[in-house]
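Novice: Residue numbers (the working numbering): 84 to 439. Backbone N, C-alpha and C fix where the C-beta goes; we use that ideal spot for every residue, glycine too. This structure is a prediction, so every number in the text was calculated from the model and none was measured. Below is one structure. I have some questions about it.
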């Protein structure tokens, strides 16, 4: 049985800014914001910032009427996920930032436990929550994750029943951006989330940079929250054409920026083979929109290539850990681990739950 750690004293808790990006998510806000209002954390050390992507469903009016303490940043259109979070980070007063999806609910002790690993070890500059499904609270959505050589990553425990194995604290490759903590100074120093991503794969990019630059990402099993996966996106299915486009392109972005020379070319080759396989499967299954999305993603990647190569120079100049070290640390998954994760995703995709 895991020993319950002592409760952190209020006077050592840092100021934290919780940033929520919203786009027509009014139906999610009552649960999310009510759970934040009930947090066991000093109220004077928490601010909640909602960055609204020009919602038309009355989200802003609802918040002003029901949660007036929430600060609202109004965007003039839908900028996706990365830019709005960056705008929230620039306006944040906290020492730490927490990026939280609007389709979530948090436990009362979630925030206190989420910051614990960072207070224990100064090298920990990002912490992943333990996420369970909102509608299946005995099932893991994510308990941290591992980065893959094809530029993305997979969630640890995805779709598994919650059990003691997921109650052990430790280090992880990255935290799901539906509920991840990061030190503000570090986040701003790397330029925040890469806005060229728009949305998708920014969480792997963030964790990757934390490890590359000599820091650590921790997993906090007692920081429990519940997630309606892809609630804002509208579908859990990874065969959705727009998801396919973003994931395919942004994987390529991450390969170019973050892997060393030899692994970059290896990653590109494996990625190309994987995408060719996916493209053929989409065609054979009649999902022509997804097949075309794979093609469009490569065209878009080539359009951004010069920009990504310039970003690569910055990352590679600043890195303090080699790819070999990240493999030894278990931050980057082995090829076998990646194949097993892909098989699991394909198996889960056959179920009606993951097609919703």
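Considering Cα atoms alone, identify which of 360, 374, 306 is closest to residue 366.
Specialist: Within the chain shown, residue 366 is the residue found at index 283, counting from 1. Nearest C-alpha to residue 366: 374.
Novice: On the DSSP letters alone, give me the boundaries of the alpha helix (DSSP H) that residue 111 sits inside.
Specialist: Your numbering for residue 111 matches position 28 in the chain shown. No alpha helix (DSSP H) contains residue 111, which DSSP labels as neither H nor E.
Novice: Compare the C-alpha of residue 326 against each of 245, 336, 283, 312 and name the closest.
Specialist: Counting from 1 along the chain shown, the entry for residue 326 is found at position 243. Minimum Cα distance to residue 326 is reached at 283.
Novice: What is the residue span of the alpha helix (DSSP H) that residue 92 lies within?
Specialist: Position 9 of the chain shown, counting from 1, holds the residue named residue 92. If you look at residue 92, you'll find it isn't in any alpha helix (DSSP H); DSSP assigns it neither H nor E.
Novice: Taking C-alpha atoms, which residue in 90, 345, 214 lies nearest to residue 228?
Specialist: Residue 228 sits at position 145 when you count from the first residue of the chain shown. Comparing Cα positions, the closest option is 214.
Novice: Out of 291, 198, 428, state which residue places its alpha-carbon closest to the alpha-carbon of residue 403.
Specialist: One-based indexing of the chain shown puts residue 403 at position 320. The candidate whose alpha carbon is nearest that of residue 403 is 291.
Novice: How would you write the range of the alpha helix (DSSP H) that residue 325 sits in, first residue to last?
Specialist: What you label residue 325 is simply residue 242 of the chain shown in a count that begins at 1. From DSSP, the alpha helix (DSSP H) with residue 325 extends over 324-341.
Novice: Thinking C-beta only, is residue 416 closer than 9 Å to residue 231?
Specialist: Walking along the chain shown from the start, residue 231 turns up at place 148. Walking along the chain shown from the start, residue 416 turns up at place 333. For residue 231 and residue 416, yes; Cβs fall inside 9 Å.
Novice: Whole alpha helix (DSSP H) runs in the stretch 131-209 with 4 or more residues, listed along the chain?
Specialist: 142-149, 165-174, 193-203
Novice: Out of 162, 293, 190, 199, state which residue places its alpha-carbon closest to the alpha-carbon of residue 220.
Specialist: In the chain shown, residue 220 corresponds to position 137, counting from 1. Closest in alpha carbon position to residue 220, among 162, 293, 190, 199, is 190.
Novice: Mark residue 84 as exposed unless 16 or more other C-beta atoms lie within 10 angstroms of its C-beta, in which case mark it buried.
Specialist: In the chain shown, counting from the first residue as 1, residue 84 sits at position 1. Residue placement at residue 84 is flagged as unreliable, the pLDDT there being 46, under the threshold of 50; a coordinate-derived value is accordingly withheld.
Novice: Whole angstroms is fine: what's the gap from residue 129's alpha carbon to residue 100's?
Specialist: As a first step, residue 129 must be located in the chain shown, where it is residue number 46. As a first step, residue 100 must be located in the chain shown, where it is residue number 17. In a straight line, the C-alpha of residue 129 is about 6 Å away from that of residue 100.
Novice: Buried or exposed for residue 287, going by 16 or more other Cβ atoms inside 10 Å?
Specialist: Start at 1 with the first residue of the chain shown, and residue 287 comes out as number 204. By the Cβ neighbour-count rule, residue 287 is buried, with 16 or more other Cβ atoms within 10 Å of its own.
Novice: Among 109, 393, 102, whose alpha-carbon lies nearest the alpha-carbon of residue 146?
Specialist: Counting from one through the chain shown, the residue named residue 146 turns up at place 63. Check the Cα spacing between residue 146 and each of 109, 393, 102: the tightest is with 109.
Novice: Are residue 185 and residue 103 closer than 9 Å when you measure CB to CB?
Specialist: By one-based count along the chain shown, residue 185 stands at place 102. By one-based count along the chain shown, residue 103 stands at place 20. A contact, by the Cβ cut-off of 9 Å.
Novice: Quick check: the stretch 418-428 against the stretch 293-310, are at least 3 beta-carbon pairs closer than 8 Å?
Specialist: no
Novice: Measure the C-alpha to C-alpha separation of residue 111 and residue 407 and round it to an integer number of angstroms.
Specialist: On the chain shown, position 28 is the one that residue 111 refers to. On the chain shown, position 324 is the one that residue 407 refers to. In a straight line, the C-alpha of residue 111 is about 42 Å away from that of residue 407.
Novice: With C-beta atoms as the reference, is residue 205 less than 9 Å away from residue 223?
Specialist: In the chain shown, counting from the first residue as 1, residue 205 sits at position 122. In the chain shown, counting from the first residue as 1, residue 223 sits at position 140. No. Outside cutoff.
Novice: Could you check whether residue 335 and residue 234 sit closer than 9 Å to each other, using their CB atoms as the reference points?
Specialist: Walking along the chain shown from the start, residue 234 turns up at place 151. Walking along the chain shown from the start, residue 335 turns up at place 252. Taking 9 Å as the Cβ cut-off, residue 234 and residue 335 qualify as a contacting pair.
Novice: Note down the Cα distance separating residue 192 from residue 122, rounded to an integer number of angstroms.
Specialist: Position 109 of the chain shown holds residue 192. Position 39 of the chain shown holds residue 122. Between residue 192 and residue 122, the C-alpha separation is close to 6 Å.
Novice: Around the C-beta of residue 251, are 16 or more other C-beta atoms found within 10 angstroms, so that it is buried, or is it exposed?
Specialist: One-based indexing of the chain shown puts residue 251 at position 168. Counting other Cβ atoms within 10 Å of its Cβ, residue 251 stays below 16 and is therefore classed as exposed.
Novice: Go ahead and pull the three-state DSSP assignment for residue 281.
Specialist: Along the chain shown, read from residue 1 onward, the residue named residue 281 stands at position 198. Looking at residue 281 - three-state DSSP - the assignment turns out to be coil, as it is neither helix nor strand.
Novice: At the level of alpha carbons, what is the spacing between residue 364 and residue 418?
Specialist: For the purposes of this step, residue 364 is taken as the residue at position 281 of the chain shown. For the purposes of this step, residue 418 is taken as the residue at position 335 of the chain shown. Near 21 Å, if we compare the C-alpha coordinates of residue 418 and residue 364.
Novice: Inspect the beta-carbon positions of residue 266 and residue 180 and report whether they are closer than 9 Å.
Specialist: Along the chain shown, one-based indexing puts residue 266 at 183. Along the chain shown, one-based indexing puts residue 180 at 97. For residue 266 and residue 180, yes; Cβs fall inside 9 Å.
Novice: Could you tell me if residue 139 is buried or exposed, where buried requires 16 or more neighbouring beta carbons within 10 angstroms of its beta carbon?
Specialist: The residue given as residue 139 occupies position 56 in the chain shown. Looking at its Cβ environment, which holds fewer than 16 other Cβ atoms inside 10 Å, residue 139 is exposed.
Novice: Looking at the strands, I want to know which residues DSSP matches up with residue 253.
Specialist: If you number the chain shown from 1, residue 253 lands on position 170. Answer is 302, bridged to residue 253.
Novice: Return the Cβ separation of residue 217 and residue 254 in integer angstroms, given the expectation that the two are a contact with Cβ distance under 8 Å.
Specialist: The residue labelled residue 217 in the question sits at position 134 within the chain shown. The residue labelled residue 254 in the question sits at position 171 within the chain shown. So it is not a contact: roughly 27 Å between Cβ atoms.
Novice: Put residue 398 into one of helix, strand or coil per three-state DSSP.
Specialist: Indexing the chain shown from 1 puts residue 398 at position 315. In the structure shown, the three-state DSSP call for residue 398 is helix.
Novice: Only counting the same chain, and skipping five residues up and downstream in sequence, which positions put a Cβ closer than 8 Å to that of residue 371?
Specialist: Start at 1 with the first residue of the chain shown, and residue 371 comes out as number 288. The beta carbon of residue 371 is closer than 8 Å to those of 365 in its chain, skipping five residues each way along the sequence.
Novice: Based on the DSSP secondary-structure assignment, which residues constitute the bridge partners of residue 223?
Specialist: As a first step, residue 223 is located in the chain shown; it is residue number 140 there, counting from the start. Answer is 215, bridged to residue 223.
Novice: Would you mind reading off the limits of the alpha helix (DSSP H) that contains residue 431?
Specialist: Counting from one through the chain shown, the residue named residue 431 turns up at place 348. Segment 418-432, the alpha helix (DSSP H) holding residue 431.
Novice: Just reading off the alpha helix (DSSP H) that residue 364 is part of, what are its end residues?
Specialist: Stepping through the chain shown from its first residue, residue 364 is reached at position 281. Where residue 364 is concerned, the enclosing alpha helix (DSSP H) stretches over 344-368.
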